[in-house]
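Notes to accompany the following structure.
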Amino acid sequence: MKVLVVEDQLELSKNIEAYLKNDGFHVSCAYDYFTASDKIAAFEYDLVIIDLMLPDGYGMDLLYSLRANQKNVGTIILSAKNSLDDKVRGLDAGADDYLAKPFHLIELSSRLKAIYRTRKLQGENSISIGNIKLYTDVYEVKFEEQKIDLTKKEYEMLLFFATNPKRVLTKQNIAEHLWGDYIDQADSYDFVYQHIKNLRRKIEKASQMDIIETVYGVGYKLKSIN
Amino acid sequence: MRLINKITLIFLGVSFIVFLIGGLVTYKVIGDEIKKEEKWFLLERLTSTEKYIGRKQPQNPIIRDKVIILPQKDSILTDNYIFSDTIVYHRTLERPELHNKLEVGKKIEGRFYKITLYDIIIEQDDIIDGIVESLFKTYLILLALVLIMGWILSKRLLIPFEKTLQSIRHFDIKETEPVEFHKTGTKEFKRLNQFIENMSSKIRRDYQSLKEFSENASHEIQTPLSVAKGKLELLQDTPLDENQQQLVKEAQKSITNISKLGNMLTLLAKIDNHEFDTRNQINGSEILEEIIEDYKELIYLKGLKMDLDIEEDVQVSINSTLFEILVNNLLKNAIKHNVNTNGYISVEMNRAYLQFKNSGILLKSDPNLLFGRFKKENFKTNSLGLGLSIIKKICEVNNMSIDYSCKEQEHILTVYFH
Numbered sequence: 001m002k003v004l005v006v007e008d009q010l011e012l013s014k015n016i017e018a019y020l021k022n023d024g025f026h027v028s029c030a031y032d033y034f035t036a037s038d039k040i041a042a043f044e045y046d047l048v049i050i051d052l053m054l055p056d057g058y059g060m061d062l063l064y065s066l067r068a069n070q071k072n073v074g075t076i077i078l079s080a081k082n083s084l085d086d087k088v089r090g091l092d093a094g095a096d097d098y099l100a101k102p103f104h105l106i107e108l109s110s111r112l113k114a115i116y117r118t119r120k121l122q123g124e125n126s127i128s129i130g131n132i133k134l135y136t137d138v139y140e141v142k143f144e145e146q147k148i149d150l151t152k153k154e155y156e157m158l159l160f161f162a163t164n165p166k167r168v169l170t171k172q173n174i175a176e177h178l179w180g181d182y183i184d185q186a187d188s189y190d191f192v193y194q195h196i197k198n199l200r201r202k203i204e205k206a207s208q209m210d211i212i213e214t215v216y217g218v219g220y221k222l223k224s225i226n
Numbered sequence: 001m002r003l004i005n006k007i008t009l010i011f012l013g014v015s016f017i018v019f020l021i022g023g024l025v026t027y028k029v030i031g032d033e034i035k036k037e038e039k040w041f042l043l044e045r046l047t048s049t050e051k052y053i054g055r056k057q058p059q060n061p062i063i064r065d066k067v068i069i070l071p072q073k074d075s076i077l078t079d080n081y082i083f084s085d086t087i088v089y090h091r092t093l094e095r096p097e098l099h100n101k102l103e104v105g106k107k108i109e110g111r112f113y114k115i116t117l118y119d120i121i122i123e124q125d126d127i128i129d130g131i132v133e134s135l136f137k138t139y140l141i142l143l144a145l146v147l148i149m150g151w152i153l154s155k156r157l158l159i160p161f162e163k164t165l166q167s168i169r170h171f172d173i174k175e176t177e178p179v180e181f182h183k184t185g186t187k188e189f190k191r192l193n194q195f196i197e198n199m200s201s202k203i204r205r206d207y208q209s210l211k212e213f214s215e216n217a218s219h220e221i222q223t224p225l226s227v228a229k230g231k232l233e234l235l236q237d238t239p240l241d242e243n244q245q246q247l248v249k250e251a252q253k254s255i256t257n258i259s260k261l262g263n264m265l266t267l268l269a270k271i272d273n274h275e276f277d278t279r280n281q282i283n284g285s286e287i288l289e290e291i292i293e294d295y296k297e298l299i300y301l302k303g304l305k306m307d308l309d310i311e312e313d314v315q316v317s318i319n320s321t322l323f324e325i326l327v328n329n330l331l332k333n334a335i336k337h338n339v340n341t342n343g344y345i346s347v348e349m350n351r352a353y354l355q356f357k358n359s360g361i362l363l364k365s366d367p368n369l370l371f372g373r374f375k376k377e378n379f380k381t382n383s384l385g386l387g388l389s390i391i392k393k394i395c396e397v398n399n400m401s402i403d404y405s406c407k408e409q410e411h412i413l414t415v416y417f418h
């Protein structure tokens, strides 16, 4: 997966680059509008991350030119403003998703993967955790052809784990991924706990395996399954 | 008390004292003048009395009204004019009256006479009466004139002052147009207006820069926070022991809090800046139901009983974004500050008001204090204490009123549409 990061904040750009590389993306960076449009014209990218405020231009224009050139590129907008206006205009201009600063890198990475799945693989994709398979096109989870009945939130949570194996997911990560900004942390932690409990129970019942491990005081992570 | 009334009163008081002293002076001057006249008068009468004595050469004492002539056997001191006051019964007035008296010894045609004359031109109390009456009348005229003048002057002279007061009353710190002042020729008012003009523009400049600062600060703070957050996540991806993971997590949590705080302050500033002034008629009931739908899961997970009484198609005149924020905050509050067992939330909406009732812990402080920024009932770290001030601000700019009461274990927040 080739990603172009258009972000003028050097440090932020470096963060994104390092994190996504770690996740197996091929990352290149552009720090201004000019370089970004140059790179977009010269190379093929699967995904472009665009900061709306650039020193020499407006990120929104990159979106327009991408769409005008009919490129099949997944796009995600970053904005410091967190205003509904930006979000609506960005999505109208053809962006696939929107993230307000400050965001979790894990959230960015998960959303990029989701965009990639729907755009590049037209959703015909499955992700495996050992013998458990998630069919992202039909939102189904199966263990050796046997369907596991999950609620929407449980499914999203499992997908979040599946796209971030090896990583410890904090309750805060999970809560923000599932509910966005709706709820305050302390409240959401109990809900995360409840959902995790249910998810573990359902999977264990179907597969006789507990695939999630608790990292005490921090969060949860997928057990390494060979 | 009005300034002009004060001045008038002081003026009248002072002139009263002046009139009193003036009365005394007048009394003294007139009294002296009269006394002088009386002396002349008595001396004139003495001359005619002397002529009379010269003609008649009386042997026996003559005692008549106002004249006593006593022939003397022996020689006496002559031409010793003694003027004095004496009280004599006044025949026509039929009462004792203060008279002027002249005693003198005279030698007429070889004989000695002791002559006593007394008379009165104007009585004492007549003088007093006259003075008091005339001064009193003058004082009345003065009083009337001063009052009328004061009234007219205050109307005319104080017009610029009244206008200035009006300008100050209508002063709005958020407006940018300079304060308009009535033109005036009076130096004091000119100075006052100048002073207020300078002051108000300085206040506005300060307010503006403060506002811009807080807006920019809360906005600009998001980028470095993103960076810090990202670094922590990169750190999280490296092999860490549980203790280190915990530390990173705590740091992440604090960063999230700062970022939320920034967003909320920006929101408050935006509302203050009238960025949400476009109002539409929106279907409040629909939006309320949609938002409640979003929170259903949380309400269920928290084990709260939900009671809805929402009238259909309630139209509210408000910016839709603000209304969503308002309802979100109200609902969040009702969920967050609820009890753990047997809690409930009941929402009622009709054309007049939107009301949230929820179970909760009895407040220790006055509920209305919680509308202030950073005011919270207990110091849960996850609560920023800005939710209610945002609710209040939204109500303020949309001319809605809000009421928060807490009875025993029940909290009632009501927003009245007007």
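The listed protein sequences derive, respectively, from chains S and G.
So in UniProt numbering the end of the first sequence lands on 226, straight run, no missing numbers.
So in UniProt numbering the end of the second sequence lands on 418, straight run, no missing numbers.
Virtual Cβ for every residue (Gly too), placed ideally from N, Cα, C.
If you're wondering where the values come from, they're calculated on a predicted model, not measured in any experiment.
**Request:** Give the interface partners of Ile16 of chain S over in chain G, defined as CB-CB distance under 8 Å, in chain order.
**Result:** The residue given as residue 16 of chain S occupies position 16 in the first sequence. Within chain G, the residues near Ile16 of chain S are Gly230.
**Prompt:** Along chain G, which residues have their Cβ under 8 Å away from the Cβ of Asp190 of chain S?
**Reply:** As a first step, residue 190 of chain S must be located in the first sequence, where it is residue number 190. Those within 8 Å of Asp190 of chain S in chain G are Leu301 and Lys302.
**Message:** Please give me, in chain order, every unbroken run of the alpha helix (DSSP H) with length at least 4 that falls completely inside the UniProt domain "OmpR/PhoB-type" (124-224) of chain S.
**Reply:** 152-163, 171-179 and 185-207
**Within chain G, partners of Arg89 of chain S - CB distance below 7 Å** = Here residue 89 of chain S is taken as the residue at index 89 of the first sequence, counted from 1. The contacting residues do not exist; Arg89 of chain S stays about 14 Å from chain G at best.
**Neighbouring residues, chain S, relative to Ile255 of chain G (Cβ below 9 Å)** = Taking the second sequence and counting its residues from 1, the one referred to as residue 255 of chain G is at position 255. Simply Pro102.
**Item:** Distance between Pro71 of chain G and Gln59 of chain G (C-alpha atoms, nearest Å)
**Value:** The residue you call residue 59 of chain G lines up with position 59 of the second sequence. The residue you call residue 71 of chain G lines up with position 71 of the second sequence. C-alpha separation (whole angstroms): 6 Å.
**Request:** Could you name the residues of the region 200-232 of chain G whose beta carbon sits closer than 7 Å to any beta carbon of chain S, in the order they occur along the chain?
**Result:** His219, Gln222, Thr223, Leu225, Ser226, Val227, Lys229, Gly230 and Lys231
**Asked** Under a Cβ-count criterion, where at least 16 other Cβ atoms within 10 Å of its own Cβ denotes burial, should Gln208 of chain S be classed as buried or exposed?
**Response** Mapped onto the first sequence, residue 208 of chain S falls at position 208. Flag for Gln208 of chain S reads exposed.
**Request:** Grab the span of the alpha helix (DSSP H) containing Tyr404 of chain G for me, first residue to last.
**Result:** Against the second sequence, residue 404 of chain G aligns to sequence position 404. It is not in any alpha helix (DSSP H) - Tyr404 of chain G instead sits in the beta strand (DSSP E) that spans Ser401 to Lys407.
**Message:** Contact criterion: CB-CB distance below 7 Å. Does Thr170 of chain S meet it with respect to chain G?
**Reply:** Locating residue 170 of chain S in the first sequence gives position 170, counting from the first residue. It does: the Cβ of Thr170 of chain S has a partner Cβ on chain G nearer than 7 Å.
**Message:** Assuming Glu97 of chain G is part of the alpha helix (DSSP H), what are its boundary residues?
**Reply:** Along the second sequence, read from residue 1 onward, the residue named residue 97 of chain G stands at position 97. No alpha helix (DSSP H) holds Glu97 of chain G; the beta strand (DSSP E) holding it covers Arg95 to Ile108.
**Asked** How long is the line joining the alpha carbons of Thr381 of chain G and Asn333 of chain G, rounded to whole angstroms?
**Response** Counting from 1 along the second sequence, the entry for residue 381 of chain G is found at position 381. Counting from 1 along the second sequence, the entry for residue 333 of chain G is found at position 333. Confidence at Thr381 of chain G is low in this model, with a pLDDT of 49, below 50, so its placement is unreliable and the value that follows should be read with caution. Thr381 of chain G and Asn333 of chain G: Cα-Cα distance of roughly 15 Å.
**Request:** For Thr256 of chain G, name the three-state secondary structure that DSSP assigns.
**Result:** Here residue 256 of chain G refers to the residue found at position 256 of the second sequence. Here Thr256 of chain G sits in helix by DSSP.
**Message:** Distance check for Ser167 of chain G and Asn398 of chain G, CA to CA, integer angstroms please.
**Reply:** Indexing the second sequence from 1 puts residue 398 of chain G at position 398. Indexing the second sequence from 1 puts residue 167 of chain G at position 167. Rounded to the nearest angstrom, the two C-alpha atoms are 25 Å apart.
**Request:** Rounded to whole angstroms, what's the CA-CA distance from Cys29 of chain S to Asp92 of chain S? Just pull it up for me.
**Result:** As a position in the first sequence, residue 29 of chain S is number 29, starting the count at 1. As a position in the first sequence, residue 92 of chain S is number 92, starting the count at 1. Computed Cα separation, rounded: 25 Å.
**Message:** Quick check: the region 141-156 of chain S against the region 252-265 of chain G, are at least 3 beta-carbon pairs closer than 8 Å?
**Reply:** no
**Asked** Would you call Ile82 of chain G buried or exposed, if buried means 16 or more other Cβ atoms sit within 10 Å of its Cβ?
**Response** Within the second sequence, residue 82 of chain G is the residue found at index 82, counting from 1. Exposed is the call here.
**Asked** In chain B, which residues lie less than 8 Å from Lys249 of chain G when you measure between Cβ atoms?
**Response** Absent from the structure: chain B. Protein chains present are S and G.
**Prompt:** Does the beta carbon of Tyr139 of chain S sit closer than 7 Å to a beta carbon anywhere in chain G?
**Reply:** Here residue 139 of chain S is taken as the residue at index 139 of the first sequence, counted from 1. Not closer than 7 Å to any Cβ of chain G, the Cβ of Tyr139 of chain S fails to qualify, so no.
**Message:** Assuming Ile69 of chain G and Ile115 of chain G are in contact, meaning their beta carbons sit under 8 Å apart, how far apart are those beta carbons, in whole angstroms?
**Reply:** On the second sequence, residue 69 of chain G is found 69 positions in, with the first residue counted as 1. On the second sequence, residue 115 of chain G is found 115 positions in, with the first residue counted as 1. With a Cβ gap of about 6 Å, Ile69 of chain G and Ile115 of chain G count as contacting.
**Asked** From Ile292 of chain G to Leu331 of chain G, what distance separates their C-alpha atoms?
**Response** Translated into the one-based positions of the second sequence, residue 292 of chain G becomes position 292. Translated into the one-based positions of the second sequence, residue 331 of chain G becomes position 331. Each residue's alpha carbon lies about 8 Å from the other.
**Request:** Give the DSSP bridge partners of Pro71 of chain G, in chain order.
**Result:** To locate residue 71 of chain G, count along the second sequence from 1; it is residue 71. DSSP lists G:Tyr113 as partners of Pro71 of chain G.
**Nearest-angstrom beta carbon gap, Ile258 of chain G and Leu225 of chain G [assumed within contact, 8 Å]** = As a position in the second sequence, residue 225 of chain G is number 225, starting the count at 1. As a position in the second sequence, residue 258 of chain G is number 258, starting the count at 1. Yes, they are in contact, since the Cβ atoms of Leu225 of chain G and Ile258 of chain G sit about 6 Å apart, within 8 Å.
**Prompt:** So Gln246 of chain G packs on Val218 of chain S, CB below 8 Å; how close in whole Å?
**Reply:** The residue you call residue 246 of chain G lines up with position 246 of the second sequence. The residue you call residue 218 of chain S lines up with position 218 of the first sequence. With 8 Å as the limit, Gln246 of chain G and Val218 of chain S qualify as a contact, their Cβ atoms being about 6 Å apart.
**Request:** Indicate the three-state DSSP secondary structure (helix, strand or coil) for Asp65 of chain G in the structure shown.
**Result:** The residue labelled residue 65 of chain G in the question sits at position 65 within the second sequence. Note: Asp65 of chain G maps to coil in three-state DSSP.
**Message:** Can you list, in chain order, the residues of its chain with a C-beta nearer than 6 Å to that of Tyr98 of chain S? Leave out the 5 residues immediately preceding and following it.
**Reply:** In the first sequence, residue 98 of chain S corresponds to position 98, counting from 1. Hits under 6 Å: Ile77, Lys87 and Gly90.
**Prompt:** Do the CB positions of Leu308 of chain G and Val347 of chain G come within less than 7 Å of each other?
**Reply:** The sequence position of residue 308 of chain G within the second sequence is 308, counting from 1. The sequence position of residue 347 of chain G within the second sequence is 347, counting from 1. Yes.
**Message:** Against chain S, does Leu259 of chain G count as a neighbour if the rule is that its beta carbon must be under 7 Å from one of theirs?
**Reply:** Here residue 259 of chain G is taken as the residue at index 259 of the second sequence, counted from 1. The sequence given here places Ser at residue 259 of chain G; Leu does not occur at that position. At least one chain S Cβ lies under 7 Å of Ser259 of chain G.
**Item:** is_contact[Asn198 of chain S, chain G] using C-beta, thresh 7 Å
**Value:** Your numbering for residue 198 of chain S matches position 198 in the first sequence. No, its Cβ sits nowhere closer than 7 Å to a Cβ of chain G.
**Asked** Would a C-beta distance cut-off of 7 Å place Gln222 of chain G and Lys101 of chain S closer than the cut-off?
**Response** Translated into the one-based positions of the second sequence, residue 222 of chain G becomes position 222. Translated into the one-based positions of the first sequence, residue 101 of chain S becomes position 101. In this structure, Lys101 of chain S lies closer than 7 Å to Gln222 of chain G by Cβ.
**Prompt:** Per DSSP, what kind of secondary structure is Lys71 of chain S in: helix, strand or coil?
**Reply:** To locate residue 71 of chain S, count along the first sequence from 1; it is residue 71. Residue state, collapsed to three classes: coil.
**Request:** Give the straight-line distance between the Cα atoms of Arg111 of chain G and Lys51 of chain G, rounded to the nearest whole angstrom.
**Result:** For the purposes of this step, residue 111 of chain G is taken as residue 111 along the second sequence, with counting starting at 1. For the purposes of this step, residue 51 of chain G is taken as residue 51 along the second sequence, with counting starting at 1. Spanning the two alpha carbons is a distance of roughly 13 Å.
**Message:** With a threshold of 7 Å between beta-carbons, can Ala36 of chain S be considered close to chain G, or not?
**Reply:** Looking up residue 36 of chain S in the first sequence gives position 36. No, because no Cβ of chain G sits closer than 7 Å to the Cβ of Ala36 of chain S.
**Message:** Alpha carbons only, please: which of G:Gln281, G:Ile361, G:Ser405 and G:Asn329 is nearest the one belonging to Thr341 of chain G?
**Reply:** Residue numbering aside, residue 341 of chain G sits at position 341 when the second sequence is read from its first letter. It is G:Ile361.
**Message:** So, for Asp51 of chain S: in the same chain, excluding its five sequence neighbours on each side, which residues have a beta-carbon less than 7 Å away from its beta-carbon?
**Reply:** The residue given as residue 51 of chain S occupies position 51 in the first sequence. Hits under 7 Å: Val6, Glu7, Asp8, Gly59 and Leu78.
**Asked** Do you know how far the Cα of Phe191 of chain S is from the Cα of Asn216 of chain S?
**Response** Position 216 of the first sequence, counting from 1, holds the residue named residue 216 of chain S. Position 191 of the first sequence, counting from 1, holds the residue named residue 191 of chain S. The sequence given here has Tyr at residue 216 of chain S, not Asn. Cα-Cα distance, rounded: 17 Å.
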